[in-house]
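Here's the structure we're looking at; comments come further down.
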């Protein structure tokens with residue numbers, strides 16, 4: 008049950024855009040649109056930011072957007088703000104019926 | 033307001049047992065799939081276990097299969113995780129997680145605050 012692969016860290020200045028990749032296989036990310044993204048600020052529980060690849064739950068700023076190509080999903084934060092500094096995790100449903108998280112990416116606002 | 037409140041965490045010796053509970057409120061508990069997700073200190077998230085709305089299907093990560101049992105009592109709006117034969121590597125914050133629908137295809141929209149389980153002698 009290997010985790011999906013994410014870069015350990017990404018950084019950007021306020022106002023810039025950053026993109027986090029999430030690479031899996033044809034048995035998870037590549038198999039459906041059941042990919043979600045979670046934000047976890049330090050010391051807090053994760054929060055759902057994107058579901059089904061590109062959909063935002065109510066209340067999530069439109070600065071957050073998701074996409075997918077083949078076995079790789081991506082989360083883009085446009086107009087980076089200080090409050091976006093957190094760990095981000097992707098998650099995917101697997102054809103086996105289970106779920107898997109990504110390895111996590113720390114976003115730093117310079 | 034949706035609330036998920038975990039309890040039952042604490043310090044336990046290797047080989048011991050612990051039962052976590054998650055009290056749910058603010059939504060129709062019986063209509064939603066539920067998960068347990070854990071996070072070891074300084075590490076990433078790991079799906080531990082899942083259960084369908086009526087409990088007829090359960091899932092376990094390979095790392096806990098045969099040692100952990102998930103269940104739910106829809107009449108009491110409560111989710112459980114019975115943990116036995118605990119190991120040091122089970123040390124983590126355990127989160128109770130609500131799926132956005134009967135399954136987590138659309139993600140998990142509410143998380144509890146987490147309860148810390150420490151396995152140490």
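Chains as they are written, first to last, in the working numbering: chain A, 8 to 117; chain B, 33 to 153. Positions of the beta carbon are idealized from the N, C-alpha and C atoms, including for glycine.
Under 8 Å between C-beta atoms of residue i and residue j
i                     : j                     : result
residue 106 (chain B) : residue 59 (chain B)  : no
residue 125 (chain B) : residue 148 (chain B) : yes
residue 38 (chain B)  : residue 144 (chain B) : yes
residue 81 (chain A)  : residue 70 (chain A)  : no
residue 85 (chain B)  : residue 116 (chain B) : no
residue 83 (chain B)  : residue 104 (chain B) : yes
residue 22 (chain A)  : residue 77 (chain A)  : no
residue 45 (chain A)  : residue 98 (chain A)  : yes
residue 44 (chain B)  : residue 52 (chain B)  : no
residue 11 (chain A)  : residue 107 (chain A) : yes
residue 58 (chain A)  : residue 43 (chain A)  : yes
residue 89 (chain A)  : residue 116 (chain A) : yes
Cβ neighbours of residue i in the same chain (closer than 6 Å, five flanking residues each side left out)
i                     : result
residue 19 (chain A)  : 25 and 87
residue 56 (chain B)  : 36 and 109
residue 131 (chain B) : 64, 65 and 140
residue 40 (chain B)  : 51, 52 and 53
residue 101 (chain B) : 114
Burial state of residue i, where buried means 16 or more other Cβ atoms lie within 10 Å
i                    : result
residue 97 (chain B) : exposed
residue 47 (chain B) : exposed
residue 51 (chain A) : exposed
residue 34 (chain B) : exposed
residue 88 (chain B) : exposed
residue 93 (chain B) : buried
Own chain partners of residue i with C-beta closer than 8 Å, once the 5 adjacent residues on each side are dropped
i                    : result
residue 99 (chain B) : 115, 116, 117 and 118
Sequence-distant residues of the same chain with beta carbon closer than 7 Å to residue i, five excluded per side
i                     : result
residue 79 (chain A)  : 28, 29, 30 and 36
residue 17 (chain A)  : 25, 27, 112 and 114
residue 4 (chain A)   : Absent from the model: residue 4 (chain A). The displayed extent of chain A is 8 to 117, so no value can be given.
residue 93 (chain A)  : 46, 47, 48 and 114
residue 151 (chain B) : 44, 46, 118, 119, 120, 122 and 123
residue 153 (chain B) : 45 and 46
residue 136 (chain B) : 65 and 67
residue 91 (chain A)  : 84, 114 and 116
residue 39 (chain A)  : 100
Residue-level contact to chain E via CB, residue i, 8 Å cutoff
i                    : result
residue 78 (chain B) : Of the protein chains in the structure, A and B, none is chain E.
Would the stretch 105-117 of chain A count as touching the stretch 72-81 of chain B if we require 3 or more Cβ pairs under 8 Å?
yes
Scan the stretch 101-116 of chain A for residues whose Cβ lies nearer than 8 Å to a Cβ of chain B and list them as they occur along the chain.
104, 105, 106, 107, 108, 109, 110 and 111
Residues within the stretch 16-50 of chain A neighbouring chain B, beta-carbon criterion of under 7 Å
41 and 43
Selection of the stretch 124-151 of chain B by Cβ proximity to chain A, strictly under 8 Å:
127, 132, 136, 137, 138, 139, 140, 141, 143, 144, 145 and 146
The stretch 56-82 of chain A: positions lying closer than 7 Å to chain B by Cβ:
Listed in sequence order: 58, 59 and 64.
Residues within the stretch 89-117 of chain B neighbouring chain A, beta-carbon criterion of under 7 Å
91, 93 and 94
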